[in-house]
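Input: a single structure, listed below in structure tokens.
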Amino acid sequence: MTTMDRRDFLTGATATGLTAATAPLRAAFSTGSQSYPGNVNRVAVIGAGIVGASIAYNLSKRGCDVILLDKQGPAAQASGNSFAWINATYFDMPRSYFDLRTHSINEYHRLSRDAGFPVHWGGSLEWYDAANTQKEVSDGVRRIQAYGAPTWMVGADKIAELEPNLVIPGDDRMAAWCSRDGAIHAGYTTRTLVSCAVQNGATTVFPANVNRIIEQPAGMLVQSDVESFEVDLVVIAAGIDANAMAEAIGLGTDLIRPPTPGIIVTTRPMEPLINSVCYTTDTHFHQLDDGRVILGEKTGAPGTEQHLAYLAERPNAYPSSELAMQHAKRIIEVAKKYVPQFADSEIESVGVGWRPLPLDGLPVIGRPKNMPAIYLASMHSGITLAPIVGHLAAMEILDGVTVDLLSDFRVERL
Ligand SMILES: Cc1cc2nc3c(=O)[nH]c(=O)nc-3n(C[C@H](O)[C@H](O)[C@H](O)COP(=O)(O)OP(=O)(O)OC[C@H]3O[C@@H](n4cnc5c(N)ncnc54)[C@H](O)[C@@H]3O)c2cc1C
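One rule links them: number in the working numbering = place in the sequence shown (from 1) + 8.
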């Protein structure tokens, strides 16, 4: 990892000390306007969440002329309000989806080194109160062991060895331990990828709300409320706005379900308390290398009329800081029963994230049939998937190949 001030996680400041590997490969790849088999030289990426940022980074690293647009700014939506656990678990089916996630975990090691952002590789522990859910987990663990996943059901002794500060009630408690999982600060990672893309020559336009995408005789015209751009191809990585974009290009299908909210609490840095991502019935939490603890809740918002009216606007924050603190304290109170030291935590921020969940739960990636100048990238688990999606999207766009690994994730299945 390069020299980087971890205190900058929440400020939006960019990473310093980029490695040589982040230097643009423009000279190596770009040999004129017909340099790529796909004849794509200029690309507009709509959305500077982690998915758009990773695609912009990978394209720009290959010397492609990239314009990255966002109606707010980097990590303004889901990627700035995510739990950010990097994993491939028993839950991820079919096998091709599990494999894609596994490839992305591997890709994280390369990308984090290249771009210079930290990943906390502490593994994960997952356990539940309900016996039937525990059985589902242990059956699932056996299934993915057969895929070679480094995961085991472990008992109290191993849990205590892994996490001396973790209290799990019940003497015969078992947990699923996956040793290769990690976690990031998703906002910081996204901003780092954007700043690396800029170092590689990408142009960013924030805020710029894209309102029309028009096919022209040669290429595409992207119209935003600030400027219009002529490009060879448009990447749509618009998170929860995927359906509006699908309509704008006349795709003829929605991409995602109505998004659901989740609250994410970030504490100020604490002494090292836990190493693993911990996920259980009523809470989940992990601790970053800089000491900050990230917590999420499992209960969901109450379905009162007042709540529903407020949530209809899809806010990323509570209407008042008092209310935000009240909810954050409630979430910490639950987690405190597993790590009593959380009682001393100070709350740094509380965010509300909206999950972009495709209609059948699986990612939508690639060019729609008959739309060669459009590339879709819509997914939940975008934190886990961003590295591999960025890498493979750049290959499909610039090398003109169809990557087999993505064949189960094309839009035509919806
Ligand atoms: C509470 C919560 C917990 C989660 N936990 C995990 C987890 O543990 N692990 C995991 O892998 N994933 C997790 N996810 C999912 C993950 O965060 C998302 O899949 C990922 O952040 C999506 O990234 P994205 O870039 O596609 O979308 P976003 O980050 O939402 O970015 C989309 C961007 O597009 C911009 N945009 C939209 N429309 C336009 C337009 N017309 N013009 C210009 N810009 C536009 C928006 O402003 C936004 O910045 C979680 C999500 C939430 C909400």
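Here a beta-carbon is modelled for each residue, glycine too, at the ideal position from N, C-alpha and C.
Residue i beta carbon near ligand 1 (any heavy atom closer than 7 Å)
i      : result
Trp129 : no
Val243 : no
Asp189 : no
Met101 : no
Ala246 : yes
Val218 : yes
Ala138 : no
Asp180 : no
Phe91  : yes
Lys79  : yes
His388 : yes
Ile58  : yes
Pro364 : yes
Ala325 : no
Ala317 : no
Ala184 : no
Gln85  : yes
Ile339 : no
Thr110 : no
Ile264 : no
Ala194 : yes
Thr307 : no
Thr212 : no
Ile54  : yes
Asp368 : no
Thr392 : yes
Euclidean distance between Cα positions of residue i and residue j
i      : j      : result
Leu350 : Val358 : Checking the displayed sequence, the identity of residue 350 turns out to be Phe instead of Leu. Between Phe350 and Val358, the C-alpha separation is close to 16 Å.
Val360 : Ala86  : 8 Å
Arg109 : Gly227 : 33 Å
Asp298 : Pro395 : 22 Å
Gly40  : Ala61  : Its pLDDT being 36, under 50, Gly40 is placed unreliably by the model, and the measurement read from it follows with that caveat. Each residue's Cα considered, the two are about 25 Å apart.
Thr22  : Glu144 : Confidence at Thr22 is low in this model, with a pLDDT of 37, below 50, so the placement of that residue is unreliable and no value is reported for it.
Met403 : Val411 : 8 Å
Gly369 : Gly390 : 12 Å
His294 : Trp135 : 15 Å
Glu115 : Ala252 : 30 Å
Ile94  : Ala191 : 5 Å
Ile54  : Asp179 : 51 Å
Met101 : Pro371 : 12 Å
Asn208 : Tyr65  : 8 Å
Leu414 : Pro323 : 33 Å
Gly408 : Ile58  : 23 Å
Thr289 : Val234 : 46 Å
Thr200 : Ala139 : 42 Å
Ile176 : Gly71  : 51 Å
Tyr105 : Tyr155 : 12 Å
Thr19  : Pro126 : Because Thr19 carries a pLDDT of 38, less than 50, the predicted location of this residue cannot be relied on, and no value is offered for it.
Ser232 : Thr275 : 37 Å
Ala325 : Gly88  : 11 Å
Gly374 : Gln80  : 24 Å
Ile405 : Gly398 : 10 Å
Thr328 : Val162 : Before going further, note that residue 328 is Ser rather than Thr in the sequence given. Computed Cα separation, rounded: 42 Å.
Ile282 : Tyr196 : 21 Å
Asn173 : Val213 : 45 Å
Phe237 : Ile221 : 10 Å
Leu26  : Thr198 : Because the pLDDT of Leu26 is 36, which lies under 50, any placement of that residue in the model is unreliable, and the number read from its coordinates should be weighed accordingly. Their backbone Cα atoms lie some 15 Å apart in a straight line.
Ala157 : Arg118 : 20 Å
Beta-bridge pairing of residue i - partner residues as DSSP gives them
i      : result
Val269 : Correcting the residue identity first, residue 269 is Pro in this sequence and not Val. Pro269 pairs with Trp362.
Gln153 : None; Gln153 has no bridge partner.
Arg220 : Gln231
Trp185 : Leu133 and Trp160
Asp262 : For Asp262, which the question treats as bridged, DSSP gives no partner whatsoever.
Cys286 : Leu133 and Phe293
Gly55  : Its beta-bridge partners do not exist; DSSP assigns none.
Ser236 : Gln231
Tyr383 : Val243
Ser357 : Thr274
His128 : Ala191
Thr211 : Ile75
Whole-Å CB distance - residue i paired with residue j, under 8 Å assumed
i      : j      : result
Ala381 : Asp189 : Actually they are not in contact, since the Cβ atoms of Ala381 and Asp189 sit about 37 Å apart, beyond 8 Å.
Ala92  : Asp78  : Rounded, the Cβ-Cβ distance is 19 Å, inconsistent with contact.
Ala96  : Ile113 : 6 Å
Leu367 : His388 : That pair is no contact at about 11 Å.
Gln142 : Met182 : 7 Å
Cys286 : Leu170 : Between Leu170 and Cys286 the Cβ distance is about 10 Å, and since that is not below 8 Å, they are no contact.
Ile264 : Ser386 : 6 Å
Cβ of residue i within 8 Å of any chain D Cβ
i      : result
Gln314 : Looking at the structure shown, chain D is missing, and only one protein chain is on hand.
Would you call the segment 303-322 and the segment 144-155 touching, i.e. three or more CB-CB distances under 8 Å? no
The segment 252-262 in contact with the segment 341-356 per 3-pair CB rule at 8 Å: no
Mind the definition here: the segment 192-211 touches the segment 116-128 only if three or more C-beta pairs lie below 8 Å; say whether that holds. yes
Do three or more CB pairs link the segment 330-346 to the segment 264-279 at distances below 8 Å? yes
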